[in-house]
Amino acid sequence: MESEETFVEELIKDLETGQLQLPTLPEVALRVREVVDDEDANAHQIADTIAQDAALSARLIQVANSPLYRGRNEIDRLSMVISRLGNKLVRNLVTSQVMKQMFQATNDLVDQKLREVWEHSVQVAAIARALTGRTPGILPDQAMLAGLIHDIGILPILYRAEERDELLDTPGLLDQLIDRLHARIGGAILKHWQFPEALIAVAAEHENLDRQHAGPADLVDLVQVANLQSHIDSDHPLARADWGQVSAFQRLGLEVDVHEIELTDVAEQIEQVQKMFQ
Numbered sequence: 002m003e004s005e006e007t008f009v010e011e012l013i014k015d016l017e018t019g020q021l022q023l024p025t026l027p028e029v030a031l032r033v034r035e036v037v038d039d040e041d042a043n044a045h046q047i048a049d050t051i052a053q054d055a056a057l058s059a060r061l062i063q064v065a066n067s068p069l070y071r072g073r074n075e076i077d078r079l080s081m082v083i084s085r086l087g088n089k090l091v092r093n094l095v096t097s098q099v100m101k102q103m104f105q106a107t108n109d110l111v112d113q114k115l116r117e118v119w120e121h122s123v124q125v126a127a128i129a130r131a132l133t134g135r136t137p138g139i140l141p142d143q144a145m146l147a148g149l150i151h152d153i154g155i156l157p158i159l160y161r162a163e164e165r166d167e168l169l170d171t172p173g174l175l176d177q178l179i180d181r182l183h184a185r186i187g188g189a190i191l192k193h194w195q196f197p198e199a200l201i202a203v204a205a206e207h208e209n210l211d212r213q214h215a216g217p218a219d220l221v222d223l224v225q226v227a228n229l230q231s232h233i234d235s236d237h238p239l240a241r242a243d244w245g246q247v248s249a250f251q252r253l254g255l256e257v258d259v260h261e262i263e264l265t266d267v268a269e270q271i272e273q274v275q276k277m278f279q
């Protein structure tokens, strides 16, 4: 039986040498990011790109008509979605909507774990988006996407588990690997995808509870707090964290001498975000 350290060393070596299998952002998200970043692109060109994926097109129209985004008139065309929401919001929504495609596996146990990670990520995304009302300068869709990708580093570890029975058969080994490596791997994935530095930092630093920085709250602060809130009353190690020692709470202006954040006033909004990704 190989030791945990052997697996850790193997994963780190494969990561550093480019041999670790990193997830690939779905093609439609890559194309949309490319066309949105083109200053000459218009709403019809972006719509034409999204329209190549019929399921995604229907989903975006549904999202645009949801309580989170709808206006006075119902939307029935992609070009209307883009006109109402704007290019950058649509880009983030496309990326968010296609993320779920990557959380699937052929092994039943791995598939179950991926589903659990996805459900947790959606919960963190919903809480983070709701908390933007207390954090000027952070857009709700940025926070939502940050929550969805914060644990992306778990995917390659679970992919490896599909190939190595020892990772599934040794009690606790897989969870230990995830705890030790997923943040480092997550940062590498988002660099590979050429995501903004602010999102790379979320994947790499969201469990660094000693993190300090000057200035107002940022995306990492937001996701740290949402992540801790999501683990309340669970058996996850973060459920035992001392909020009083986590400076992100102070930067968000939140009380730390309570068991949980009061989210009653945004409960409906959180529920609507979770419905978006069911």
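Position in the sequence shown (from 1) plus 1 gives the number in the numbering used here.
Here a beta-carbon is modelled for each residue, glycine too, at the ideal position from N, C-alpha and C.
On a predicted model such as this, the values are computed, not experimentally measured, just so you know.
Query raised in the report: In or out: T107 buried (at least 16 other Cβ within 10 Å) or exposed?
Result: Taking the first residue of the sequence shown as position 1, residue 107 is located at position 106. With fewer than 16 other Cβ atoms within 10 Å, it is exposed.
Report task. Any chance you could list the alpha helix (DSSP H) runs of at least 4 consecutive residues sitting entirely within the segment 42 to 82, in chain order? Result -> Complete alpha helix (DSSP H) runs here, min 4: 44 to 51 and 55 to 65.
Query raised in the report: With distances taken from CA atoms, which of E10, I271 and Q20 is nearest G148?
Result: In the sequence shown, counting from the first residue as 1, residue 148 sits at position 147. It is I271.
Query raised in the report: Just the Cα atoms here: how many angstroms apart are D219 and L182?
Result: Walking along the sequence shown from the start, residue 219 turns up at place 218. Walking along the sequence shown from the start, residue 182 turns up at place 181. Distance between D219 and L182, taken at the CA atoms: about 23 Å.
**Report entry** Distance between H151 and L1 (C-alpha atoms, nearest Å)
**Finding:** Given a span of 2 to 279 for the chain in the structure shown, any question on residue 1 remains unanswerable.
Query raised in the report: Is it buried or exposed for E261, if we count other Cβ within 10 angstroms and need 16 for buried?
Result: Position 260 of the sequence shown, counting from 1, holds the residue named residue 261. Flag for E261 reads exposed.
Query raised in the report: Can you tell me the Cα-Cα spacing of P27 and H237, whole angstroms?
Result: Residue numbering aside, residue 27 sits at position 26 when the sequence shown is read from its first letter. Residue numbering aside, residue 237 sits at position 236 when the sequence shown is read from its first letter. One C-alpha to the other measures close to 30 Å.
Report task. Can you check the segment 222 to 275 for any alpha helix (DSSP H) of at least 4 residues that lies completely inside it and give the ranges in chain order? Result -> Secondary structure remark: continuous alpha helix (DSSP H) runs of at least 4 residues inside the segment 222 to 275, in chain order: 248 to 252.
Report task. Can you tell me which of A65, E75 and I83 puts its alpha carbon nearest to the alpha carbon of D49? Result -> The residue given as residue 49 occupies position 48 in the sequence shown. Of the listed residues, the one whose Cα sits closest to D49 is I83.
Query raised in the report: Can you name the start and end residues of the alpha helix (DSSP H) that K114 belongs to?
Result: Position 113 of the sequence shown holds residue 114. Here the alpha helix (DSSP H) through K114 covers D109 to L132.
Report task. May I ask which residues mark the beginning and end of the alpha helix (DSSP H) holding A144? Result -> The residue labelled residue 144 in the question sits at position 143 within the sequence shown. Its alpha helix (DSSP H) spans residues P141 to I150.
**Report entry** Boundaries of the alpha helix (DSSP H) in which L90 is found, first to last residue
**Finding:** Translated into positions along the sequence shown, residue 90 becomes position 89. Residues N88 to V99.
Query raised in the report: Buried or exposed: P157, going by 16 or more other Cβ atoms within 10 Å of its Cβ?
Result: Looking up residue 157 in the sequence shown gives position 156. Buried, by the Cβ-count rule.
**Report entry** C-alpha gap between E6 and F196, whole angstroms
**Finding:** Taking the sequence shown and counting its residues from 1, the one referred to as residue 6 is at position 5. Taking the sequence shown and counting its residues from 1, the one referred to as residue 196 is at position 195. If you take the alpha carbons of E6 and F196, they lie about 30 Å apart.
Query - Given A179 as reference, the closest of V111, V29 and L31 once Cα atoms are compared - result: For this step, residue 179 is matched to residue 178 along the sequence shown. Here residue 179 turns out to be Ile, not Ala, going by the sequence shown. Answer by Cα proximity: V111.
Query raised in the report: Can you tell me the Cα-Cα spacing of A162 and Q113, whole angstroms?
Result: Your numbering for residue 162 matches position 161 in the sequence shown. Your numbering for residue 113 matches position 112 in the sequence shown. A162 and Q113 have their C-alpha atoms some 12 Å from each other.
Query - Contacts around H207, its chain only, beta-carbon distance under 7 Å, and the 5 residues preceding and following it disregarded - result: Here residue 207 is taken as the residue at index 206 of the sequence shown, counted from 1. Only H151, A184, V221, V224, Q225 and N228 meet the Cβ criterion.
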